[in-house]
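Participant: Letter 383 of the sequence shown, counting from 1, is numbered 371 in our numbering, and no numbers are missing.
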Amino acid sequence: MPQYTPPLRDMQFVLHEVLDVTKELKILPAHAELDTDTINAVLEEGGKFAAEVIFPLNQGGDQEGCSLDPANHEVRAPGGFKEAYERYVAGGWPALSCDPEYGGQGLPHVVNQCFYEMLNSSNQAWTMYPGLSHGAYECLHAHGTAEQKRLYLPKLTSGEWTGTMCLTEPHCGTDLGMLRTKAEPQADGTYHITGQKIFISAGEHDLAENIIHLVLARLPDAPQGSKGISLFVVPKFLVRPDGSLGSRNRIYCGGLEHKMGIHGNATAQLVLDGAVGTLVGEPHKGLAAMFVMMNAARLGVGTQSLGLTEVAYQNAVAYARERLQSRALSGPKAADKPADPIIVHPDVRKMLLTARAYAEAGRALTIWTALQIDKEIHSPDEAVRRDCADLVALVTPIVKAFLTDNGWIAISHCLQVYGGHGYIREWGMEQYLRDARINMIYEGTNTIQSLDLLGRKVLGDAGARLKKFGKLVQSFVGRRSANAGIPRAPRRPGREGHQAHL
Ligand SMILES: Cc1cc2nc3c(=O)[nH]c(=O)nc-3n(C[C@H](O)[C@H](O)[C@H](O)COP(=O)(O)OP(=O)(O)OC[C@H]3O[C@@H](n4cnc5c(N)ncnc54)[C@H](O)[C@@H]3O)c2cc1C
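1) For P118, which option in D335, N253 and D378 has the closest C-alpha, if you only look at C-alpha atoms?
2) Taking only runs of the alpha helix (DSSP H) that begin and end inside the segment 5 to 41, which ones reach a length of at least 4 residues, in chain order?
3) Roughly how many whole angstroms lie between the Cα atoms of S469 and A20?
4) Assign M503 to buried or exposed, taking buried as 16 or more other Cβ atoms, counted over all protein chains shown, within 10 Å of its Cβ.
5) Check the DSSP bridge columns for S55 and list the partner residues they point to.
6) Are there 16 or more other CB atoms within 10 angstroms of the CB of E270, so buried, or fewer, so exposed?
7) DSSP on T392, reduced to helix/strand/coil?
8) Is any heavy atom in ligand 1 found nearer than 7 Å to the beta carbon of T162?
9) Quick one: what does DSSP say L508 is sitting in, helix, strand or coil?
10) Within the continuous alpha helix (DSSP H) that includes C491, where are the two ends?
11) Grab me the residues of H486's own chain with a C-beta within less than 8 Å of its C-beta, minus the 5 sequence neighbours each way, in chain order.
12) Nearest-angstrom Cα distance between T297 and I397?
13) Once the 5 residues before and after I474 are set aside, which same chain residues still bring their CB inside 6 Å of it?
14) Note down, in chain order, each residue of its chain lying with its Cβ closer than 8 Å to the Cβ of T162, except the 5 sequence neighbours on either side.
15) From L13 to G451, what does the alpha carbon distance come to, in whole angstroms?
16) Would E229 pass as a contact of N198 if the rule is Cβ separation under 8 Å?
17) Helix or strand or just coil, what does DSSP make of A488?
18) Indicate, with yes or no, if ligand 1 has a heavy atom lying under 7 Å from the CB of L439.
19) Give me whichever residues DSSP pairs with G94 in a beta bridge.
20) Note down, in chain order, each residue of its chain lying with its Cβ closer than 8 Å to the Cβ of I429, except the 5 sequence neighbours on either side.
21) So, for G147: in the same chain, excluding its five sequence neighbours on each side, which residues have a beta-carbon less than 6 Å away from its beta-carbon?
22) Just to confirm, are G68 and G53 a CB contact at a threshold of 8 Å?
23) Less than 8 Å separating the beta-carbons of L421 and L439?
24) Taking the straight line between their C-alpha atoms, what separation do you get for G80 and V289?
25) Thinking just about the alpha-carbon of each residue, which of A38, I15, V41 and L3 is nearest to the one in D25?
26) Within 7 Å: the Cβ of Y430 and any heavy atom of ligand 1?
27) Nearer than 7 Å: is that true of the beta carbon of I188 relative to any heavy atom of ligand 1?
28) If you compare alpha carbons, which of Q292, N111, K321 and V6 is closest to Y73?
29) Measuring CB to CB, does M153 end up less than 8 Å from A285?
30) Examine the Cβ distances between the segment 229 to 240 and the segment 26 to 33 and report whether three or more of them are shorter than 8 Å.
31) Tell whether a beta-carbon distance below 8 Å holds between V405 and L340.
32) By the three-class DSSP mapping on this structure, what secondary structure does A205 have?
33) Give a yes or no on whether the C-beta atoms belonging to L164 and L155 are separated by under 8 Å.
34) Got a sec? Which residues, its chain only, sit under 6 Å from A327 by beta carbon, not counting five neighbours each side?
35) What are the boundary residues of the alpha helix (DSSP H) that includes W491?
36) How close, in whole Å, do the beta carbons of G395 and A424 come, if the pair is a contact with beta carbons under 8 Å?
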């Protein structure tokens, strides 16, 4: 059975010693009152929730999966998922970094980022239900009409309703310009939406009383290609003007995918048969609006692999300290035992240190990115807001692709540390590897992230964003070069002390 201990000290190190977030947040009126103790206390409680409530459901959820009742199109998530979600809502966790105007707690993204790392370490499949909801919240917050915000944001904030993103169709994944789902305008200002969506994460389930689908579709007069896509909000149950639930909307789960990993998350085929929706943002500009959700999701997917890398590393290093095989090249290290723990072997150490390096660097990169988002939203200085927006745009494809490509390598190393036992289900490592594989594919494959980085983010502005980032790195290195706390690594071999760090 795998174990998980929330890496609170490592998070505090990045938050307070590397980034000094409390000082940075003080400049933002929305977070000026926040202190270090409050951040640490929230994360401690969040870590308890993740490790004690969500983590124990991970292996069972993988083995049981989701089930569809074809008679009524209802989906049941694995045992315990619904109850854990109820506790999540009761604890106020969905509202952590949401806008107080809609019932949110208004805490900064840096706190939510750390919380989501812990949720993903504990159970990626479960975490996708609230994770997608938060993306839908952000999209409607940025582009919804006043009425859409009034009707949907409070319930997405509280977590009583969850959200999805419905882009993919059978014939179009990467190339959304080919999508065919149609939206017919109605006299009452709504639209009737007809088409088929596939691979919709959290597309149908029993965790919440309503599901708010954000659906891309074409209006009758839409131009060809990606310039003719509009965005609609399509609730599973129609919502009356007073916010109460109305009749069942005509959007149904037609099937669930049988897949390699994240079995606890329902990957739904959705049929829209004249489903009632309302337009989000402007006609034909839906892709731009949806990008708010996609960018949030890209950072979220990077965090999924960060979470899995951390939990895989924790287990691999514990195993390597216990498992006795062969003697160290430099002579016995556990002479009283029949063999040394495998952590003495250089190749095992290399694999563990690789995973640890990706976990620690990934944590620093994601928390730094979250801090830029907080400044982008709340800085009183317009130039700072613009710079931060540029930096976030630049690093978003890096967070997504770098952390998921290297998470895959790191988790595979962690499995390798277990030898044959890593391949056996009960140890949990093969699930982490299976779960991590999708992170390189969805939310735009990693190839698409690299095209986005180079094409739009670097060449698109003739390197202006990249230069901003380069300046930051240069000034950081300059400031730290004289830091006595970063000693040069000694060159002598067989250093005894370094084992303790693993
Ligand atoms: C478990 C799961 C959950 C998902 N959840 C959601 C969801 O919630 N909502 C949603 O809308 N979608 C979801 N998806 C869909 C996912 O985002 C797509 O699978 C992904 O975007 C790729 O599309 P595709 O599968 O059609 O592959 P394709 O677009 O057919 O691509 C196939 C291959 O061609 C490559 N390729 C394509 N275009 C180019 C190019 N221009 N240059 C170089 N290479 C290229 C791709 O990188 C890929 O390797 C999910 C998928 C899965 C499997």
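The beta carbon of each residue, even a glycine, is placed where N, CA and C say it ideally should be.
Facilitator: With the given structure in hand:
1) As a first step, residue 118 must be located in the sequence shown, where it is residue number 130. The shortest Cα separation from P118 among D335, N253 and D378 belongs to N253.
2) 9 to 14 and 24 to 37
3) Taking the first residue of the sequence shown as 1, we reach residue 469 at position 481. Taking the first residue of the sequence shown as 1, we reach residue 20 at position 32. Whole-angstrom Cα-Cα distance: 30 Å.
4) Beyond the ends of the chain as shown, which are -11 and 490, falls residue 503; an answer cannot be given.
5) Sequence index remark: in the sequence shown, residue 55 carries index 67 (1-based). In DSSP, S55 forms a bridge with R64.
6) For the purposes of this step, residue 270 is taken as the residue at position 282 of the sequence shown. Its Cβ having fewer than 16 others within 10 Å, E270 is exposed.
7) Counting from 1 along the sequence shown, the entry for residue 392 is found at position 404. Three-state DSSP puts T392 in a helix.
8) If you number the sequence shown from 1, residue 162 lands on position 174. Yes, since a heavy atom of ligand 1 falls inside the 7 Å radius drawn around the Cβ of T162.
9) Residue numbering for the chain in the displayed model covers -11 to 490; residue 508 lies beyond these limits and cannot be assessed.
10) Since the displayed the chain opens at -11 and closes at 490, residue 491 lies outside it and no answer follows.
11) As a first step, residue 486 must be located in the sequence shown, where it is residue number 498. At H486, the pLDDT of 42 sits below 50, so the modelled position is not reliable and the matter cannot be decided from this model.
12) Taking the sequence shown and counting its residues from 1, the one referred to as residue 297 is at position 309. Taking the sequence shown and counting its residues from 1, the one referred to as residue 397 is at position 409. Cα to Cα, the separation comes out at about 9 Å.
13) On the sequence shown, residue 474 is found 486 positions in, with the first residue counted as 1. Cβ neighbours of I474 beyond the five flanking positions: none.
14) Residue mapping note: residue 162 aligns to position 174 of the sequence shown, counting from 1. Excluding residues within five positions, the ones whose Cβ falls inside 8 Å are G432, T433 and I436.
15) Locating residue 13 in the sequence shown gives position 25, where the first residue counts as 1. Locating residue 451 in the sequence shown gives position 463, where the first residue counts as 1. Approximately 28 Å, taken between the alpha carbons.
16) The residue given as residue 229 occupies position 241 in the sequence shown. The residue given as residue 198 occupies position 210 in the sequence shown. Contrary to the premise, residue 229 reads as Pro rather than Glu in this sequence. No; because the gap between Cβ atoms is not below 8 Å, this pair is not in contact.
17) Reading the sequence shown from its first residue, position 500 is the one you call residue 488. In this predicted model, A488 has a pLDDT of only 39, less than 50, meaning its place in the structure is not dependable; the value taken from the coordinates is given anyway. In the structure shown, A488 sits in a helix (DSSP, three-state: H, G or I).
18) Position 451 of the sequence shown holds residue 439. Answer for L439: yes, Cβ within range of ligand 1.
19) To locate residue 94, count along the sequence shown from 1; it is residue 106. Answer by DSSP bridge pairing: none, since G94 is not bridged.
20) As a first step, residue 429 is located in the sequence shown; it is residue number 441 there, counting from the start. Once the five neighbours on either side are set aside, I429 has no close Cβ partner at all.
21) Along the sequence shown, read from residue 1 onward, the residue named residue 147 stands at position 159. Excluding sequence neighbours, G147 sits near V77 and P82.
22) Stepping through the sequence shown from its first residue, residue 68 is reached at position 80. Stepping through the sequence shown from its first residue, residue 53 is reached at position 65. No, the pair does not count as a contact, with Cβ atoms beyond the cut-off.
23) The residue labelled residue 421 in the question sits at position 433 within the sequence shown. The residue labelled residue 439 in the question sits at position 451 within the sequence shown. Against a cut-off of 8 Å, the Cβ pair of L439 and L421 comes out as no contact.
24) Sequence index remark: in the sequence shown, residue 80 carries index 92 (1-based). Sequence index remark: in the sequence shown, residue 289 carries index 301 (1-based). Taking the straight line joining both Cα atoms gives about 23 Å.
25) Here the question's residue 25 lines up with position 37 in the sequence shown. When only C-alpha atoms are compared, the closest one is L3.
26) Looking up residue 430 in the sequence shown gives position 442. Indeed, a heavy atom of ligand 1 lies less than 7 Å from the Cβ.
27) Sequence index remark: in the sequence shown, residue 188 carries index 200 (1-based). At least one heavy atom of ligand 1 is nearer than 7 Å to the Cβ of I188, so yes.
28) Mapped onto the sequence shown, residue 73 falls at position 85. That would be N111, whose Cα lies nearest to the Cα of Y73.
29) As a first step, residue 153 must be located in the sequence shown, where it is residue number 165. As a first step, residue 285 must be located in the sequence shown, where it is residue number 297. In contact: M153 and A285 (Cβ atoms closer than 8 Å).
30) no
31) By 1-based counting over the sequence shown, the position of residue 405 is 417. By 1-based counting over the sequence shown, the position of residue 340 is 352. Yes, the pair counts as a contact, with Cβ atoms nearer than the cut-off.
32) In the sequence shown, residue 205 corresponds to position 217, counting from 1. A205 falls in the strand class under three-state DSSP.
33) What you label residue 164 is simply residue 176 of the sequence shown in a count that begins at 1. What you label residue 155 is simply residue 167 of the sequence shown in a count that begins at 1. Yes. Within cutoff.
34) Numbered from 1 along the sequence shown, position 339 holds the residue referred to as residue 327. Cβ within range, chain order: L312, Q313 and S314.
35) Residue 491 is absent from the model: the chain starts at -11 and stops at 490.
36) Locating residue 395 in the sequence shown gives position 407, where the first residue counts as 1. Locating residue 424 in the sequence shown gives position 436, where the first residue counts as 1. The pair is a contact, with the Cβ atoms about 5 Å apart (cut-off 8 Å).
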